[in-house]
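Numbering of the sequence shown is given in the working numbering, commencing with residue 17 and proceeding in unit increments. The C-beta atom is built at its ideal place from N, Cα and C for all residues, glycine as well. A short write-up of the structure that comes next.
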Amino acid sequence: MFARMVECQSKAGRTEQAGDKLKNDVLAILQKQPSFVDFLMLSDKANPERLVCISLWTSREDSEEYHRQHYETIANVLEP
């Protein structure tokens with residue numbers, strides 16, 4: 017099992033919107049990837065604009081391939 021962790025910082029008051037985009041848009045892309053297992057999104061009560069996302073994979077190689085092919089697209093989805 018391999019885990020990939022990404023920290024996101026949303027603008028003030030936009031954490032819920034960022035979380036919705038992650039659940040609806042990013043998760044849909046992840047679920048289509050080979051060896052993808054699960055996705056966890058954690059929020060920080062002390063800093064509500066901070067989100068930590070953890071994706072779980074059975075293969076490190078597939079995780080790295082996902083990063084090479086889709087990370088920029090996902091970053092662009094979350095940008096606004």
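- Assignment of beta-bridge partners to leucine 56 by DSSP yields Ile70.
- With contacts defined as CB atoms closer than 7 Å, tyrosine 82 and glutamine 49 qualify as a contacting pair.
- In this structure, serine 75 sits away from serine 59, with a CB-CB distance that is not shorter than 7 Å.
- Short of 7 Å from the beta carbon of glycine 35, and not among the five residues preceding or following it, lie these beta carbons of its own chain, in chain order: Met57 and Leu67.
- The shortest C-alpha to C-alpha distance from glycine 29 to any of Asn63, Val22, Asp41 and Phe18 is the one to Asn63.
- When the Cα atoms are used, arginine 84 and lysine 61 turn out to be separated by approximately 31 Å.
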